[in-house]
Structure formats: structure tokens, C-alpha cells
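Remarks on the structure that follows.
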Amino acid sequence: YNRLRWHIAMLYPWVVFGKVETPDPSSKKITAYCDKVLKTLLNEEYIENFKTCQRIIDSIEMPTDDQIKRGKYTSELKEAAEKFLNK
């Protein structure tokens, strides 16, 4: 999963909030959003969140090194996250 660390960083906040949505970086909501994500990293909650990220990644085909760099894989991962989190 080391090859997918940036994709995991993208997934993690979505898992914390249970939805594939991120506030605009210039909005006032972004501080509270980031604070909640950081708070989960400071306790044992992060373990389950990373396991959920792993399950989402495992729900689609593992990409090749070349596919990781393409937007298609990111789009597929986002769709998989939406399906997983909307269960």
C-alpha cells in the first residue's frame, strides 16, 4: 500500500466524515474539517479508519505503477469510496 499513500491520504478524510466531500480550502469550514481529521489521528480511531481505506482500495483492481499516475484510477477509487460509504 506504500505505492498508494497519496490515494490513502485522499481517502482518509472521506472515511472520517463518511462522505466523499471536502470543503473548499478557502471556506471557513475547512479549519473544523481538518481539526476533526487530525483529532482522529491522535487516538486509536485511526486504525479502523485506515482499515476502511484498505477495504475501499481492495474493492477495485490493484493498479499497475503506470495506472497509479492516471486520473482514471483516482476516479475509480472515488467511485468505490462513494459506494462503500453510502452503504
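Sequential numbering from 167 applies to the sequence shown in our numbering.
From the three backbone atoms N, C-alpha and C, an ideal C-beta is built for every residue, glycine too.
Since the model is a prediction, treat every value here as computed from it, not as a measurement.
Apart from the 5 residues on each side of it in sequence, Val186 sits with its Cβ closer than 8 Å to the Cβ of Trp180, Lys244, Ala247, Glu248 and Leu251 in its chain, given in chain order. Remark: fewer than three beta-carbon pairs, one from each stretch, lie closer than 8 Å, so the region 194-203 and the region 227-242 are not flagged as touching.
Scanning its chain for C-beta atoms nearer than 7 Å, with the 5 sequence neighbours on each side dropped, one finds around Val182 the residues Lys202, Val203, Thr206 and Asn215, in chain order. Between Gln220 and Tyr178, the gap from beta carbon to beta carbon reaches 8 Å or more.
For Ile234, the enclosing alpha helix (DSSP H) starts and ends at Asp231 to Ile234.
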